[in-house]
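Taking it in order: structure first as structure tokens, then the write-up.
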Amino acid sequence: MAKVDLNEMYTNLSKMGQGIPSVMKAFEELHSSAVGNGALSAKEKELIALGIGVAVHCSYCIADHVNSCLKAGATREEIIEALGVAILMGGGPAAAYATEAIQALENAGK
């Protein structure tokens, strides 16, 4: 499995922001609104986002949302349980991509 370079993704997102500023500004606002505390906590929303990232096979999403889950206070156990739900919803391919979340979780501890 290739290591995902989040810094490279952030750099390229910034470049996209230069080319399509209104789209990327709207996306950033949507992201902030969607993951902020509400009826669900930011931690719960990040766990959901991680599960969706696994289910749709988005390596960058997986790495980014593992970090966001940890920053929001999620425990290793909570992240692992969220991966279990993602596997339920996404089947075998989600199980394979869940291993990327485990690797990101391991790398976050270094």
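When we follow my numbering, the leftmost residue of the sequence shown carries the number 5, and every step to the right adds one. Glycine included, C-beta positions come from ideal geometry on N, C-alpha and C.
Secondary structure of residue i, DSSP reduced to three states
i, result
"Leu44", "coil"
"Gly77", "coil"
"Gly113", "coil"
Whole-Å CB distance - residue i paired with residue j, under 8 Å assumed
i, j, result
"Leu87", "Ala102", "4 Å"
"Ala105", "Val58", "6 Å"
"Val8", "Gly55", "Between Gly55 and Val8 the Cβ distance is about 17 Å, and since that is not below 8 Å, they are no contact."
Neighbour-count burial assignment, residue i, 16 or more Cβ in a 10 Å radius
i, result
"Glu32", "exposed"
"Glu12", "exposed"
"Leu10", "exposed"
"Glu110", "exposed"
"Ile24", "exposed"
Limits of the alpha helix (DSSP H) - the one that residue i falls within
i, result
"His61", "Careful: His61 lies outside any alpha helix (DSSP H) and carries neither H nor E."
"Gly21", "Leu10 to Gly23"
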